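Participant: One structure coming up, written as structure tokens, with questions to follow.
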Amino acid sequence: MQNQPTPFYNPLLSYEENYQQGPFGAFSQTPPSILEKKQPETFLNLEVNLPFGIPAGPLLNASFIKAAFNYGFDLCVYKTVRSRAHASHPLPNVLSVHPENQLSAGVDTVLADTNYTTPLSITNSFGVPSFNPDIWQPDMAAAVKAAHKGQFVIGSFQGTAGNEASIEKDYAKTALLVAETEAPILEANLSCPNEGVNQLLCFDFPKVERIAKEIKNAVPEKPLFLKLAYFANDEAIYPLLHVLDGVVDGYSTINTLSARPVNADGKPALGQNRPTGGVCGDAIRWAGLEMVERLHRLRTRLNNHFAIIGVGGVSNVEHYLAYRAAGADAVMSATGAMWNPQLALQIKSSLNK
Ligand SMILES: Cc1cc2nc3c(=O)[nH]c(=O)nc-3n(C[C@H](O)[C@H](O)[C@H](O)COP(=O)(O)O)c2cc1C
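Quick note on numbering: the sequence shown equals residues 1 to 353 in UniProt numbering.
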């Protein structure tokens, strides 16, 4: 086990402080010269340098996205936005977690602290904060413009209960606001805890179908991805894929696995009112890989061509290649990239050999 270098998102600072002051570490310094992969690839109908990037979350605004592009992350997702301002949970938002082995999908109890040691897994708990569209729209437009050749921004968004007549309408409205920034690809986040109980929106198939169709009606011209959680077997997700056949363009998976982070005294590490938190990083790679294999198998069964973005526990070139072998058209890393800003350059240099 060894200590990690400075992450580009500082877990000791609040979301707002990171937004104002970040990114940190190498992302705040003079960027390296862009290393292009010898053979660009096709993702959707776009020519992308390497279909590798950073998923929704750690890239809070255009400053973070510009840095990520400069460090060779070619697909950068702008952190999930909403149709109205929404406050972040207070600190802590990020803690290191230490499961004994890989995390199960059954809400394990895990020790959480500030020792960020490898293999690195963390819990993240923000509550999907957002600024008002008058702040994030021009900023997302600036992020879109920062892309070099072969690089693309994906705009992540989600609906909020109570902002519009229905959550479906709010998803569609927010999709339109994202489309106005010229982001070439949309991603609807359906895998953050839903209003109320510990139920994720992506498990409510009739609602997901209505949401996806409302978004597609509102913005038919942009490719639409849905961000999904882990489903335990093929039959658990097949009905959703079947009903959305031809409606959405792809799926991004996974988000996080839920766990109970506790401190050394066994008390909830995120605070009494947040007993559970999403875990990401090394301990969830098995679940991301399994979901990608599942989606790949099911798209063959459906004779469909939806794209798959594989996410979860990627921190080196072997992990990237494992996701591609499992059927991912693109791969992303949040935790791995946060603590290793050189990750995309390292993968490219390894593939160029
Ligand atoms: C700091 C942080 C913030 C995140 N915020 C979001 C978010 O706003 N929307 C979302 O869909 N996923 C969010 N995620 C989840 C990531 O997109 C990703 O699915 C998850 O971290 C698994 O990837 P990893 O193992 O590479 O970290 C966040 C993750 C991290 C680490």
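Just so you know, even glycine gets a beta-carbon here, dropped at the ideal spot from N, CA and C.
Quick caveat, the model's predicted, so the values are computed rather than measured.
Pull up the DSSP beta-bridge partners for V279, would you.
Facilitator: Beta-bridge pairing links V279 to T123, L257.
Participant: Are V292 and G310 touching if we call contact CB-CB under 9 Å?
Facilitator: Contact: yes.
Participant: What's the C-alpha gap between S156 and V77?
Facilitator: Answer to the nearest angstrom: the Cα atoms are 6 Å apart.
Participant: Please give me, in chain order, every unbroken run of the alpha helix (DSSP H) with length at least 4 that falls completely inside the region 296–352.
Facilitator: Listed in chain order, they are 317–326, 335–339, 343–352.
Participant: Residues bridged to S96 by DSSP?
Facilitator: Its beta-bridge partners are D113, I122.
Participant: Using the Cα positions of M1 and L120, report the straight-line distance between them to the nearest angstrom.
Facilitator: With a pLDDT of only 45 at M1, under the threshold of 50, the placement of this residue in the model should not be trusted, and no figure is reported.
Participant: Return helix, strand or coil for L190, following the three-state DSSP convention.
Facilitator: Here L190 sits in coil by DSSP.
Participant: Going by beta carbon distance, what residues of the same chain come within less than 7 Å of V197, once the five residues before and after it are set aside?
Facilitator: Only weak support exists for where V197 lies, its pLDDT of 45 falling under 50; the value from the coordinates is given anyway. Counting only Cβ-Cβ distances below 7 Å, and skipping sequence neighbours, we find nothing.
Participant: To which residues does DSSP link F157 through a beta bridge?
Facilitator: Bridge partners of F157: V81, A188.
Participant: Assuming I254 and L228 form a contact by the criterion Cβ under 8 Å, report the distance between their Cβ atoms to the nearest whole angstrom.
Facilitator: Sure, about 7 Å apart at Cβ, within 8 Å.
Participant: When every heavy atom of ligand 1 is checked, does at least one fall within less than 8 Å of the C-beta of R210?
Facilitator: It does not: the Cβ of R210 is nowhere closer than 8 Å to a heavy atom of ligand 1.
Participant: Closest by CA to Q20, which one among Q151, A307, Y9, A26?
Facilitator: Out of Q151, A307, Y9, A26, Y9 has the C-alpha closest to the C-alpha of Q20.
Participant: What do you get for E221, buried or exposed, if any count of 16 or more other CB atoms within 10 angstroms of its CB means buried?
Facilitator: The residue in question, E221, is exposed, as its Cβ has fewer than 16 Cβ neighbours within 10 Å.
Participant: Could you give the residue range of the beta strand (DSSP E) that holds L224?
Facilitator: Here the beta strand (DSSP E) through L224 covers 224–228.
Participant: Report the CB separation of A328 from I347 in whole angstroms; it is logged as a contact under 8 Å.
Facilitator: About 13 Å separates the two Cβ atoms, so there is no contact after all.
Participant: For E17, does the count of other Cβ atoms within 10 angstroms reach 16, so buried, or fall short, so exposed?
Facilitator: With fewer than 16 other Cβ atoms within 10 Å, it is exposed.
Participant: Going by DSSP, what residue range makes up the beta strand (DSSP E) through T174?
Facilitator: It is not in any beta strand (DSSP E) - T174 instead sits in the alpha helix (DSSP H) that spans 167–179.
Participant: Using 8 Å as the cut-off, can you tell me whether the region 123–142 makes contact with the region 39–51, which would need three or more C-beta pairs spanning the two stretches below that distance?
Facilitator: No, the region 123–142 is not in contact with the region 39–51.
Participant: Just the Cα atoms here: how many angstroms apart are G250 and D265?
Facilitator: Approximately 43 Å, taken between the alpha carbons.
Participant: Please say whether L190 and L244 have beta carbons closer to each other than 9 Å?
Facilitator: No. Outside cutoff.
Participant: In its own chain, which residues sit with a C-beta less than 6 Å from the C-beta of V81, not counting the 5 before and 5 after it?
Facilitator: Answer for V81: S130, W136, F157, listed in chain order.
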